[in-house]
Each structure stands twice: as structure tokens, then as C-alpha cells.
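> Handing you this structure, nothing more for now.
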Amino acid sequence: MIYTCTLNPSVDYIVQVDELRIGELNRAMKTATFPGGKGINVSRVLKRLNVDNTALGFIGGFTGAFIEQQLRQEHIQFDFVKVPGDTRINIKLKDGKETEINGQGPAILPEHEEALMQKISALSEDDILVLAGSIPSSLSADVYHRMMDKAKKANVKVVVDTSGPALKRLITNQPFFVKPNHKELSELFDTSFYSKEDVIVCGRRLIELGAENVIVSMAGNGAFFFNKEMTLFAEAPKGTVKNSVGAGDSMVAGFLAAYTSGKSLETAFAYSVATGSATAFSEDLCTKEKVEQLVSEVKVTHL
Ligand SMILES: Nc1ncnc2c1ncn2[C@@H]1O[C@H](COP(=O)(O)OP(=O)(O)OP(=O)(O)O)[C@@H](O)[C@H]1O
Ligand SMILES: O=P(O)(O)OC[C@@]1(O)O[C@H](CO)[C@@H](O)[C@@H]1O
């Protein structure tokens with residue numbers, strides 16, 4: 001079973017305005033509300049790709065109830081730890097550009113953290129654990145590290161989709177799969193990228209540091225795949241971007257859906273890119289039909 005873990009889920013409130021005027025009254029042309037948070041997005045896309053999974057994490061209040069209700073409607077299993085306080089609301093403002101304001105989220109108490117750790121300890125070999133998203137400020141920065149230790153003791157494969165110091169700390173713990181975008185990768189090595197070769201150098205360094213499989217996404221400019229045996233590149237399919245929120249999470253889901261169904265790593269990489277673009281070209285997260293349609297457009301080359 002695949003388990004996703006979202007320490008700080010969100011209700012994503014999408015607000016579309018003609019032109020955002022700071023300091024003035026803006027009237028929305030369109031609004032929408034989605035259950036969000038990186039792990040929850042991975043869960044939703046996996047389910048759309050017919051992969052059963054369970055969403056873990058912390059949830060609370062009326063916003064938490066909304067997320068649970070939406071997941072129930074989509075027949076996604078969840079086993080959240082309930083916390084006092086409301087799950088955050090993240091505002092995604094669209095006026096041709098995308099401006100995001102992510103909330104803080106409720107405080108997590110030690111007993112809640114312990115309850116989640118117990119769920120992680122109960123995972124077993126053949127399970128995959130996806131650790132995705134930011135760490136709430138009330139938890140210590142090494143929380144993912146401790147979760148990963150528990151999971152690895154039980155031979156659980158761990159997938160990491162986070163950034164900054166948390167990502168740096170986790171790489172040496174040999175995650176099965178990580179998916180930074182090019183900006184997160186350059187920040188990780190405190191450098192700037194001027195060419196694709198620069199990206200390749202840092203991508204390969206993640207493998208040397210311990211990651212088993214790495215995808216580095218570069219939005220419309222395609223993506224790289226790295227492991228000990230190969231380096232691959234894929235162009236992103238062409239299309240009109242409607243929403244990039246969750247495109248990266250969709251890549252994680254696409255890769256895992258293909259990999260767990262026994263496809264080769266090359267094919268899983270192509271699925272990953274197709275799934276990311278299928279979400280980028282959709283209002284909400286992608287559909288399976290859109291992914292199937294785009295995957296034939298993704299040409300993978302060995303470098
Ligand atoms: N302009 C685009 N054209 C085609 N595909 C795109 C475009 N932007 C994003 N994608 C698809 O989405 C994937 C992930 O995009 P990106 O590199 O922005 O990841 P990310 O920053 O992790 O995303 P997120 O917005 O979810 O944080 C890309 O690899 C690509 O498949
Ligand atoms: O604040 P974090 O945890 O870094 O990111 C949260 C978030 O921006 O990521 C998802 C898209 O990847 C959204 O659903 C959600 O609002």
C-alpha cells in the first residue's frame with residue numbers, strides 16, 4: 001500500500017481576478033476550493049490513476065472536515081491524526097500569474113506527533129511512504145528524518161517531496177525517490193543554474209549523496225531522471241497551462257503509479273512528466289484520460 005503523509009494539509013482557495021490591484025477592492029471572476037497539501041495531492045492523483053492509497057497527516061477543524069469529506073467523495077482512504085485548531089487555508093491568486101499565500105496551520109502537540117509516529121511504525125515491507133510538503137513550525141525540523149528512520153527499519157521505501165534543510169537532511173538517508181524542482185535543487189547546493197549541464201551535475205550529486213532515484217522538474221522546460229545506472233531527459237508536452245498548483249505532486253504520483261504497476265523506470269519517468277503536464281493543463285488535478293493522452297507525446301532520451 002502507498003501511504004502519503006501531509007504534516008500541514010490545506011484547503012486551497014483558488015481566486016481568479018482580471019488584474020490584481022494591491023491595496024484596492026478586487027472582485028473575483030471565479031473561485032474554487034480544493035483539498036490540498038502535497039501528500040494529499042499525491043493521494044488524489046494516485047486514486048485518479050486507479051492506485052489505492054491511504055492519506056496520513058494532521059487535520060483539524062472545519063477545514064479539516066472539508067478535506068475529509070472531499071476525500072471520502074473521491075473514495076480515498078485516510079487515517080489522519082485529529083488536532084485542535086483549523087487546518088490552514090492557502091490562497092492561490094490567479095491574474096495571468098500565480099501568487100500564493102500559504103497559511104501557517106495549527107500547532108501540533110507532542111501527543112499528536114506521537115500518534116502519527118505510531119502509524120508510521122505500523123507500516124511494513126512492500127509499503128511505500130511519501131513524505132511531502134512543509135513541516136509545521138511547531139514540529140522539530142528533524143521530524144521527517146525520524147519518520148524515515150522508522151519506515152526504513154521496516155524496509156518501507158520512502159519518497160521525499162520537500163525542500164530546504166529538510167530535504168538536505170533526508171538525502172543521505174537513502175530515499176527511494178526524490179523530486180525537487182530545479183530551483184529547489186540549486187538552493188540545496190547553494191548555486192545557480194545557467195545551463196542544463198549545471199542541473200545534471202547537481203542531479204548526479206543527489207545520487208552520490210544517497211538518493212536512489214531522482215527526478216528534477218523544470219516546469220515547461222522538461223525534466224531529468226537520475227539513478228546510479230542512467231541519466232534521462234524528457235521534454236514537457238506542449239499545451240496551455242491552466243494551473244501549476246500540484247503539478248509537481250502529480251509527477252510523484254505518476255511515477256509511483258507506473259512503477260508500482262511493474263513498468264520500467266524509463267516508462268515511469270515518462271508517466272511522471274505526462275502526469276505533471278496533465279495537471280498543469282487542467283483546472284484541478286489531472287484525469288487518467290489526460291495522462292494517457294499526453295504520455296505518447298513524452299519522448300525520453302538517454303544521456
Ligand atoms: N509550462 C508547462 N508546460 C508543460 N508542462 C508543464 C509546464 N509547467 C509545468 N509542467 C509540468 O509540471 C511538471 C512540474 O512542474 P514544476 O517543475 O513547476 O514542478 P513544481 O515546482 O514541483 O510544481 P508545483 O507547482 O506543484 O510546486 C513539469 O515537469 C511538467 O511536466
Ligand atoms: O506549504 P507547503 O506545504 O510547502 O505547500 C503547500 C501547497 O502549496 O502545496 C501544494 C501544491 O504542491 C498545494 O496544494 C498546497 O497549498
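According to UniProt numbering, the sequence shown is numbered sequentially starting from 1.
Cβ coordinates follow ideal geometry from the N, Cα and C atoms, glycine included.
Remember, predicted model here, so these are calculated numbers, not experimental data.
Would you report the Cα separation of residue 279 and residue 108, rounded to the nearest angstrom?
Spanning the two alpha carbons is a distance of roughly 31 Å.
> Given the structure, does residue 245 come close to ligand 2, in the sense that its CB is under 7 Å from one of the ligand's heavy atoms?
It does: the Cβ of residue 245 is within 7 Å (strictly closer) of some heavy atom of ligand 2.
> Run the CB neighbour count on residue 257, radius 10 Å, all protein chains shown included, and call it buried at 16 or more, exposed below.
So residue 257 ends up on the buried side.
> Can you check which of these residues, 299, 288, 284, is closest to residue 13 by C-alpha distance?
Residue 13 has its Cα closest to that of 284, out of 299, 288, 284.
> Grab the span of the alpha helix (DSSP H) containing residue 304 for me, first residue to last.
What the structure shows of the chain is the stretch from 1 to 303, and residue 304 is not part of that stretch, so it cannot be assessed.
> So does the segment 41-61 actually touch the segment 95-102, counting three or more Cβ pairs closer than 8 Å?
No, because fewer than three Cβ pairs between the segment 41-61 and the segment 95-102 fall closer than 8 Å, the two stretches do not touch.
> Please confirm whether residue 272 and residue 41 have their CB atoms less than 8 Å apart.
The answer is no: Cβ separation not under 8 Å.
> Identify the residues that DSSP records as bridge partners of residue 259: which are they?
DSSP lists no partner for residue 259.
> Could you pull the DSSP bridge partners for residue 302 from this structure?
Bridge partners of residue 302: 232.
> Going by beta-carbon coordinates alone, are residue 7 and residue 139 separated by less than 8 Å?
Yes, Cβ-Cβ distance for residue 7 and residue 139 is below 8 Å.
> Mind listing, in chain order, the continuous alpha helix (DSSP H) runs of no fewer than 4 residues lying wholly within the segment 241-300?
Listed in chain order, the complete alpha helix (DSSP H) runs (minimum 4 residues) inside the segment 241-300 are 247-260, 265-280, 288-295.
> If we count the other Cβ atoms within 10 Å of its Cβ and call it buried at 16 or more, is residue 147 buried or exposed?
Classification of residue 147: buried, given that the 10 Å Cβ count is 16 or more.
> I need the straight-line Cα distance from residue 122 to residue 164, nearest angstrom please.
C-alpha separation (whole angstroms): 28 Å.
> Provide the residue span of the alpha helix (DSSP H) that contains residue 87, from first to last.
Run containing residue 87: none; DSSP gives neither H nor E here.
> With DSSP run on the structure shown, which of helix, strand or coil describes residue 237?
Coil, per DSSP.
> Would you kindly report the start and end of the unbroken alpha helix (DSSP H) that includes residue 104?
Counting along the chain, residue 104 falls outside any alpha helix (DSSP H), and DSSP gives it neither H nor E.
> Nearer than 7 Å: is that true of the beta carbon of residue 38 relative to any heavy atom of ligand 2?
Yes.
> In angstroms, rounded to a whole number, what distance separates the CA positions of residue 70 and residue 141?
Each residue's alpha carbon lies about 30 Å from the other.
> If distances are taken between C-alpha atoms only, which option among 184, 263, 196 comes closest to residue 248?
That would be 184, whose Cα lies nearest to the Cα of residue 248.
> What does the alpha-carbon distance come out to for the pair residue 154 and residue 124?
So the two alpha carbons sit approximately 5 Å from each other.
> Suppose you measure from the CA of residue 254 to the CA of residue 20; what does that come to, to the nearest Å?
Straight-line Cα distance between these residues: approximately 34 Å.
> From residue 274 to residue 199, what does the alpha carbon distance come to, in whole angstroms?
Answer to the nearest angstrom: the Cα atoms are 21 Å apart.
> Taking residue 57 as part of the beta strand (DSSP E), name the residues at either end of that continuous run.
Residue 57 -> beta strand (DSSP E) spans 53-59.
> Go to residue 174, then tell me how far its alpha helix (DSSP H) extends in each direction, as first and last residue.
Here residue 174 belongs to no alpha helix (DSSP H), and DSSP marks it neither H nor E.
> Can a CB atom of chain C be found closer than 8 Å to the CB of residue 236?
In the structure shown, chain C cannot be found, because there is only a single protein chain.
> How close, in whole Å, do the beta carbons of residue 262 and residue 226 come, if the pair is a contact with beta carbons under 8 Å?
Not confirmed; about 21 Å, so no contact.
> Check the DSSP bridge columns for residue 141 and list the partner residues they point to.
None, per the DSSP bridge assignment.
> Should residue 303 go down as buried or exposed, given a rule of 16 or more other Cβ atoms within 10 Å for buried?
Label assigned to residue 303: exposed.
> Excluding the 5 residues preceding and the 5 following residue 267 in the sequence, name in chain order all residues of the same chain whose CB lies nearer than 7 Å to its CB.
Only 258 meet the Cβ criterion.
> So, at 7 Å on beta carbons, what are the nonlocal neighbours of residue 151 in its own chain, with the 5 sequence-adjacent residues on each side left out?
Cβ neighbours of residue 151 beyond the five flanking positions: 120, 123, 129, 158.
> Take residue 28 and list the residues in its own chain whose beta-carbon comes closer than 8 Å to its own, dropping the five residues that flank it on each side.
For residue 28, where only same-chain residues beyond five positions count, the Cβ hits under 8 Å are 15, 16, 17.
> Relative to the alpha-carbon of residue 235, which residue among 270, 242, 207 has its alpha-carbon at the smallest distance?
Nearest of 270, 242, 207 to residue 235, Cα basis: 270.
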